[in-house]
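Residue numbering for the sequence shown is 1473 to 1651, as defined by the numbering used here.
All C-beta atoms, glycine included, are put in the ideal place defined by N, C-alpha and C.
Just so we're clear, the structure is a prediction, and the values are computed from it rather than from any experiment.
Inspection log for the structure reproduced underneath, given as structure tokens.
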Amino acid sequence: DLPGPGTASFTRQQRPMGLGHAVWCARELIGNEPFALLLPDVLVQNKPGCLAQMIDAYQAAGEGTNIIAVEEVPLERVHQYGVVGVGKRNGKSFAITEMVEKPPREKAPSNLIITGRYILQPEIFALLETQQGGAGGEIQITDAMIRLAKTQPFHGIIFEGRSFDCGSKIGFLAANVAY
Ligand code: G1P
């Protein structure tokens, strides 16, 4: 049932139950393969694009790894995002030691936030199926990733490029000016 070459498929999330639930709604379209997840309210301006950089990191890390795009933000903004802990570094990539969704500043493991670009393994779907509500009462992809990280490696990549968080008015405005 997977979409054929050159075709696009859509799925709907009937109720706003969180990003993790929205991703779970696409499980039948993806099947049992690694996949890229791009949150469309985040734009990254760069050539090569952020996802292309992530695919390079994925190929370097080896099959079975999960890759998360991360960037630095001032500490006073970490509570708006998923935040990662930094382990062994390898150039622009590093092993992710922990992840927290929207932590208060004093509980953030670093100032590196999840930018809204992921390469994930399909085992995430079984975890999303049983994922309880987290930050904001929503089913969070970050919480399912925390569980997946117990059995699979997660690498962060500090990508090159400028990101725009178009989920905020100022971010949307900045993206329009930049583009
Ligand atoms: C989502 C993710 C968060 C990530 C952010 C990037 O949050 O849950 O981990 O840092 O996107 O924009 P949301 O923006 O949906 O609150």
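Given the structure, does residue i come close to the ligand G1P, in the sense that its CB is under 7 Å from one of the ligand's heavy atoms?
| i | result |
| --- | --- |
| residue 1584 | no |
| residue 1523 | no |
| residue 1613 | yes |
| residue 1588 | yes |
| residue 1573 | yes |
| residue 1511 | yes |
| residue 1563 | no |
| residue 1649 | no |
| residue 1528 | no |
Assuming residue i contacts residue j under a Cβ cut-off of 8 Å, what Cβ separation, rounded to an integer in Å, is found between them?
| i | j | result |
| --- | --- | --- |
| residue 1594 | residue 1502 | 6 Å |
| residue 1523 | residue 1533 | Not confirmed; about 15 Å, so no contact. |
| residue 1541 | residue 1629 | 6 Å |
| residue 1506 | residue 1620 | With 8 Å as the limit, residue 1506 and residue 1620 do not qualify as a contact, their Cβ atoms being about 12 Å apart. |
Determine whether the Cβ of residue i lies closer than 8 Å to any Cβ atom of chain D.
| i | result |
| --- | --- |
| residue 1525 | Absent from the structure: chain D. Only one protein chain is present. |
Is DSSP giving residue i helix, strand or coil here?
| i | result |
| --- | --- |
| residue 1580 | coil |
| residue 1543 | strand |
| residue 1526 | helix |
Find the nearest neighbour of residue i within the set the options, judged by alpha-carbon distance.
| i | options | result |
| --- | --- | --- |
| residue 1622 | 1489, 1479, 1571 and 1560 | 1571 |
| residue 1573 | 1610, 1643 and 1633 | 1610 |
| residue 1491 | 1545, 1620, 1606 and 1613 | 1613 |
| residue 1588 | 1605, 1624, 1564 and 1638 | 1638 |
| residue 1617 | 1599, 1478 and 1559 | 1599 |
| residue 1545 | 1634, 1596, 1565 and 1479 | 1634 |
Evaluate residue i with the Cβ neighbour count: other Cβ atoms within 10 Å of its Cβ, from every protein chain shown; 16 or more gives buried, anything less gives exposed.
| i | result |
| --- | --- |
| residue 1481 | exposed |
| residue 1543 | buried |
| residue 1577 | exposed |
| residue 1640 | exposed |
| residue 1552 | exposed |
| residue 1648 | exposed |
| residue 1586 | buried |
| residue 1537 | buried |
Quick check: is any heavy atom of the ligand NAD less than 7 Å from the C-beta of residue i?
| i | result |
| --- | --- |
| residue 1491 | With respect to small molecules bound, the structure shown includes the ligand G1P and not the ligand NAD. |
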